[in-house]
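The structure appears below as C-alpha cells.
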Amino acid sequence: MLDMTPKEVSERSALRINPAKTCQPIGAMYASLGIHRCLPHSHGSQGCCSYHRSHLTRHYKEPVVASTSSFTEGAAVFGGGPNLRQSLNNIFQVYNPDVVAVHTTCLSETIGDDIPSVVRKAREDGIIPDGKFVIHANTPSYVGSNVTGFSNMVKAMIDYLSSREFGSSKDVNVIPGYVDPADMREIKRMLGELNVSGIVFPDTSDVLDLPMTGSYEMFPKGGTTIEQIMKTGSSGLTISLGAFASEAGGASLESKCGVPFKVLDLPVGVHATDMFVKSILEITGEIRPPASMIDDRGRVMDLMTDMQGYLYGKKVALYGDPDQVIAMTDFLVSMGMRPVYVITGTPGKRFEDRVNRILGNDSSNCLVKASADLFYLHQLIKNGPVDLIIGNTYGKYIARAEDIPFVRYGFPILDRVGHGFFPTFGYRGAMRILTSIINTLLDRVDRDAPEERFELVM
Amino acid sequence: MSPTIRDMNNIMDQEEFIRDVTSVYPNKVAKKRLKHIVVKSEGENPEIEANVRTIPGIITQRGCCYAGCKGVVIGPIGDMVHIVHGPIGCSFYAWNTRRNMFRPREDGANYLNYCFSTDMQDSDVIFGGEKKLRQAIQEAHDIFKPKAISVHATCPVGLIGDDIQAVAREMTEKTGTLVIAFNCEGYKGVSQSGGHHIANNKLFENVVGKDDSNPIQDKFVINILGEYNIGGDAWEIERAFAKCGIRIISTFSGDASIDEMRRAHQANLNLVMCHRSINYMAEMMENAFGIPWIKVNFIGVKGMSKSLRKVAKYFDDPELTQKVEQVIAEEEAEAYNLIADHSDRLRGKTAMLFVGGSRAHHYQELFTELGMETTVAGFEFAHRDDYEGRHVLPDVKPDADSRNIEEIRVEQDENRFRPRIPVEQMKELQKEGFLGSYEGMIPEMKHGAMIIDDISHAELEQLILRFKPDVVCSGIKDKYMIEKFGVPSKQLHNYDYSGPYAGFRGAVNFARDIDMMINNPAWKMIKAPWDIEPVLRAETVA
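Residue numbers (this note's numbering), protein chains in the order written: chain Z, 493 to 950; chain V, 520 to 1061.
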C-alpha cells in the first residue's frame, strides 16, 4: 500500500500529491443545499457539476441535485452568459425552485463571466419569475479550498437576502460551518434546549439526511427558508462557528445590517461546546444551562476520565478541513492525547497560529502545517510513527500502509456510515467521537494482545 | 409486479408518455429532447439523436472531456504517474473513485492510489502555468522515477494557453522519462466521449507499437480493448481466456501496464468491449498494424461464451475450438447451476438501464438470462453508431463540437504492418459483419422498448412513476433518488462496490446482487403499519 512513497521528505514547490483539500465549488454547492427549495447551479463545464454531485452523494448517501451551464468550447471562447440565461429559463420552468444559487468554476472565472449582469438581464426579461430568487457566489477553484467556497456562498446568502426589515433582535443567527446535517440538527436541538430562538443557516438537515418514504421530493422539507435568511439582518447576534467557513458570513452581516458577530471554534469536544453554550447563556441571561445539558456534559467527562488510560499520551496525526482540525486538536489535548502532526490542505497561516496556540507549550513537539498534503503527512509518519490517525476517508491508505488505527472524521467519509445520523457537535457529539476513538484503540489492543494477555474487561 | 413491455403496450402508449414527459420543457427544449427519445417497433430501428450538446440547465448525468480522458481511459494505467494540470478539484474527484483495479507487475510500480496535481493557484492562472507544470513533472521524476508520466489539461489551461505539448516534449528530453500530454480540457466536446477520443489518439501515437524487443511468437495472442477492470472484471475475463490457452498481451486500460501497451501491436486480434470509448484505437491498430477487431460482450454467461467462440472462429484452429468448447461447457454448467436459484426469484421482473456508452447495451443480455426484461434503456454519452450500429457512420455529420476533437488518420506502419489473415478472407469476414462491426443496442431491443439518450433528471423521475420498474441501473448521482421511490438502483459504473460482473463468475455475482436488491425484505417495510391501516385505540382493561 502506497509503496512508492519514500521515507525521505523532499522539498516540493509544484507537485501536489494526495491532497487534503478540494476546490471551492463543491463547498458552494453544499452550502446552497442548505437553503429551502434551492437548486445549486454550477456555471461551468458539465464535469464540475457531475463531480461535485457525485462526491457529495458518496458522503451523504442521499440524492444531491444540481444543474450546470454545460459549457462547450464555444462558451469557453465567447463567454457563458447565454448558457446561464438559458439555464435559468429551463430551471424555473422545469424544476421550479424558490431560489437558484449560482456558483462559478475555474472556467467561468478565467473567462470572467459577469454573473450579476446576466441575472439582472434575465430578471428584466421575465426569465426569473416574480417571487423567485437567484443569488451567486464567485468561487474560483484556484483560490482557497472547498471551505472557501462554502464561506463564499454563505456570504452570498447574506449579501443577496439578509435585511434589517424583518425579524427580531431576540433571534440569534448561527452559521454552523461546513459540517454534516447531523451537526446542524444538533445545533438546533441545543438552541431549543437552551430556550433561545435561533436561525441556523445554511441548514442541510432534512435535505441530506432524508428518511425513506417510498416517494422522492426534489426539494424536501429541510433547508433554511428565504424568509429566515432575510430575518438574519435583524438578529441580536451572529455566532460564526469555525473561522474559515463562517467568519466571512458573520462579518458581512455585520457590515450590511449591523448585526454583531462572534467567531467560535466548532463545538467539537467539551471545551468548545462550553464556549458555545456560554455564548448562548450570555444572550438568554440564564446562569446555567438546563439540567439535561449539564447531564450530557457530565457523561462526556465521565467517559473521558473512566477511559483515560487508553487515551493519555497517545500520539495522533490529524488532518482535514481547518475548522474541524482546530476544534479536534483542542479536544484531543483536553483528554491528554498528543497531536504530533496537524495538517490541513487549505491555505492559511491563521490555521497554524490557532493550532499552535491551542497546543501551547506542546507546540514545539508538533508539526502544524497549512497547504500541506497527505503524501507529506505519510512521510512524516514514516519518520515518526503515531498511535492514531484521525481524518477523512483518504487516510485509510496511510493507516493500512503503516498499520495504524484510524478514526474517520470530517469530509468526506466515503466508506463508513454513521456520520449521516450522529453529530460531532455538542456534548453528545463529543460522546460519539470519544467512543469512536476509544473503541478503535481498544480494537487494536485486542488485535495485538498475545493470547495470555488478551483481556475480557478493558 | 411492474408492467412488462407487453403490459406497457396495453396500458400505456409510450408516445403518450413521451409527449407528457417533454411537455414540462420549454418548447425549444422539448423539440430537442423529442429527438433523443424513441420507441423500438418490430422490424424497425428508429434513428436517435445522440452525442450532441446537453441543454444548459437540464439536469444531466454527463461529465466532461477530462473525465473521459483521465478518468476513464488513461487513469487506470497503474504504473504511470498521471499529473492533472489545473486547480485541485479535477484530480481530487478522479482519485480512486472509479474502481479500476490494478496489480503491480514485477517492478512493483503502482501509482493507482495516488493523486497528482499542479494545484494551480490564481497567480498561475494570471501568469501562466507552464513553469509550474514543468516543475511538477521534474518533481514527479525526481521522487518516483516512473516509466512514464501523463499530463492532463483542465478547463483553465486551455483558456490561458499553456502549451502542455511543448512542456511534455521538453521534459521528455530533459528527464528521459516519456511525458505524454492530453489536451482534454473539460469544455471540449459534449460529454466524456471527446476525452476518450483524445486519450486514444495520444496513447496510440506515443505508446502502442513502440516496443519490438522480445517478439511474441504465440499464435493465440490478443488485446482486450475498452475493458477497465471495474471490480476486477478484467481478471475474471482473463481467467477464462487463460483456461482456453489464449494469451492477452494488454488490456486497454484496466489493470494496464505501460510496457504491455507498448507491445500490444504484436497481438493477432483485438477484442472490443466498450465500443464507445475505444473504437478509435481498434481502427488505428488495424490500419497501422493489420490487427483485425471483433466487437464482443463479456457480460452474461451467453455473452462470454459467444465472445470466446468468436475468438475460436477467428483463429480457426480445431484444437483451440475444441478447448474453447470444453471450457464453455464446464463454465456454463457451473454458472447456470449457481444462477438458477436467483433467476427463479427474478423471472418476469423489469429493468431500466441508463448508463455509459456501452453498459446499457451489454447488461441487457444478462438480464434476459435472469428472466428479466429491459423496458427502457439509454446511454449517457454514446454516439448514434452505439445505438444504431456502425453502418450509420457515413450518415453522421460531424457538428462543431465533434470537429473540435482531433481525428487522426493512421497510415500503415511499414515496419510493423502484417496481415493477420489473407486479405480476401478479411474482406469476407468484414462483409458478413464478423470483423470490424458493431450492430448497436437498438437492433437487439424488443418491440415496444423505449430508448432515451442523455436522460434528464425529470425524465427519469417520470419513468419511475409511470412504469414502476423493478430495478434501475444507473450511476451514483441517480441512485438515491431512485431508491427514495422504493425502487432498487444498481450502479453500473461502480457496481455498488461489488463485482466482478463480467465473465462466467461475474454473471453469477450479478445474479446474486440483483436478487438481493429486488428481494431484500426491507423494501416491503418502507410503509409503516399505521400507513397500511389505522391504529385503533386499545380498550383499557377495567
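Ideal placement from N, C-alpha and C gives every residue a C-beta, glycine not left out.
* Sorted by chain position, which residues of the same chain lie with C-beta nearer than 6 Å to R937(V)'s C-beta, five sequence neighbours on each side aside? -> Excluding positions up to five away in sequence, the list reads G809.
* P831(Z) bridges to which residues according to DSSP? -> According to DSSP, P831(Z) bridges with V808(Z).
* Proximal residues to Q711(V) (C-beta, below 6 Å), its chain only, five neighbours per side dropped -> Once the five neighbours on either side are set aside, the close Cβ partners of Q711(V) are G582, A586, G587 and F900.
* Three-state class that DSSP yields for Q580(V) in the structure shown -> Reduced to three states, the DSSP call for Q580(V) is coil.
* Asked: Does the segment 610–622 of chain V touch the segment 723–743 of chain V, meaning 3 or more C-beta pairs lie closer than 8 Å?
  -> As far as the Cβ criterion goes, the segment 723–743 of chain V does not touch the segment 610–622 of chain V, which means the pair count is below three.
* Asked: If you draw a straight line from the alpha carbon of D1020(Z) to that of C515(Z), how long is it in whole angstroms?
  -> This structure gives no information on residue 1020(Z), because the portion of chain Z shown stretches from 493 to 950.
* Of the residues F536(V), W754(V), E649(V) and E746(V), which one's Cα is nearest the Cα of L958(Z)? -> Not covered by the structure: residue 958(Z). The range shown for chain Z is 493 to 950.
* Report the residue from M960(V), G819(V) and S862(V) whose alpha carbon sits nearest the alpha carbon of H880(V). => M960(V) is the residue among M960(V), G819(V) and S862(V) whose C-alpha sits nearest the C-alpha of H880(V).
* A1047(V) versus K1003(V): straight-line alpha-carbon distance, rounded -> When rounded, the distance between both Cα atoms is 15 Å.
* Asked: G967(V) to L865(V), Cα distance in whole Å?
  -> Taking the straight line from one Cα to the other gives about 21 Å.
* Alpha carbon of T1059(V) to alpha carbon of A674(Z), nearest angstrom -> Roughly 39 Å separates the two Cα atoms.
* Could you tell me if I691(Z) is buried or exposed, where buried requires 16 or more neighbouring beta carbons within 10 angstroms of its beta carbon? => Result: buried.
* K547(V) versus N588(Z): straight-line alpha-carbon distance, rounded -> Approximately 18 Å between the Cα atoms of the pair.
* So with Cβ pairs under 7 Å, would you call I578(V) a contact of chain Z? -> With a threshold of 7 Å between beta carbons, I578(V) makes contact with chain Z.
* Quick one: which residues of the segment 651–679 of chain V get their C-beta closer than 9 Å to a C-beta of chain Z? List them in chain order. => Sequence-ordered contacts of the segment 651–679 of chain V with chain Z read K651, L652, R653, Q654, A655, I656, Q657, E658, A659, D661, I662, F663, P665, T673, C674, P675, G677, L678 and I679 [C-beta pairs closer than 9 Å].
* **R937(V) - DSSP class collapsed to helix/strand/coil** => Coil, per DSSP.
* To do: Specify, as a first and last residue, the run of the alpha helix (DSSP H) that P532(Z) falls within.
  => Here P532(Z) belongs to no alpha helix (DSSP H); instead the beta strand (DSSP E) covers C530 to H535.
* **Residue from I662(V), C584(V) and G1005(V) with nearest C-alpha to C674(V)** => Closest by alpha carbon: C584(V).
* To do: Would you list, in chain order, the members of the segment 608–631 of chain Z that have their beta-carbon closer than 9 Å to a beta-carbon of chain V?
  => Per Cβ criterion, the list is empty.
* Asked: At which residues does the beta strand (DSSP E) containing N789(V) begin and terminate?
  -> DSSP places N789(V) inside the beta strand (DSSP E), whose first and last residues are L788 to V791.
* Just reading off the beta strand (DSSP E) that F625(Z) is part of, what are its end residues? -> Residues F625 to A629.
* **Enclosing beta strand (DSSP E) for F886(V) [first to last residue]** => Segment R878 to E888 is the alpha helix (DSSP H) holding F886(V); no beta strand (DSSP E) there.
* To do: Decide if D973(V) is buried, meaning its Cβ has at least 16 other Cβ atoms within 10 Å, or exposed.
  => Counting Cβ neighbours within 10 Å, D973(V) comes out buried, since at least 16 surround it.
* To do: Measure the Cβ-Cβ separation of E746(Z) and F753(Z) and say whether it is below 7 Å.
  => Contact: yes.
* Mind checking I603(Z): buried by the 16 CB within 10 Å criterion, or exposed? -> Per the 10 Å Cβ criterion, buried.
* To do: Would you check if there are 3 or more beta carbon pairs closer than 8 Å linking the segment 512–529 of chain Z to the segment 635–649 of chain Z?
  => The segment 512–529 of chain Z vs the segment 635–649 of chain Z: in contact.
* Which class does L631(V) belong to by DSSP, given the choice of helix, strand or coil? -> It is coil, neither helix nor strand.
* Beta-carbon contacts of I717(V) that lie in its chain and below 6 Å, excluding the five residues immediately before and after -> Cβ within range, chain order: C588, F701 and C703.
* To do: May I ask you to list the residues that DSSP assigns as paired with S559(Z)?
  => Answer is H533(Z).
* **Cα-Cα separation, I927(V) to Y708(Z)** => Going from the Cα of I927(V) to the Cα of Y708(Z) covers about 47 Å.
* To do: Classify M950(Z) as buried or exposed, calling it buried when 16 or more other Cβ atoms lie within 10 Å of its own Cβ.
  => Answer is exposed; the Cβ neighbour count stays below 16.
* Measure the alpha-carbon distance for E888(V) versus D989(V) and round it to whole angstroms. => Spanning the two alpha carbons is a distance of roughly 16 Å.
* To do: Could you say if the segment 680–687 of chain V and the segment 643–662 of chain V meet the contact criterion of at least three C-beta pairs nearer than 8 Å?
  => Yes, the segment 680–687 of chain V is in contact with the segment 643–662 of chain V.
* So, is the C-beta of I530(V) closer than 7 Å to a C-beta in chain Z? -> Residue placement at I530(V) is flagged as unreliable, the pLDDT there being 45, under the threshold of 50; a coordinate-derived value is accordingly withheld.
* Have a look at E566(V) and P962(V) and give me their C-alpha separation to the nearest angstrom. => Rounded to whole angstroms, E566(V) to P962(V) spans 11 Å at the Cα level.
* Short Cβ contact (7 Å threshold) for V874(V) with S993(V) -> In contact: V874(V) and S993(V) (Cβ atoms closer than 7 Å).
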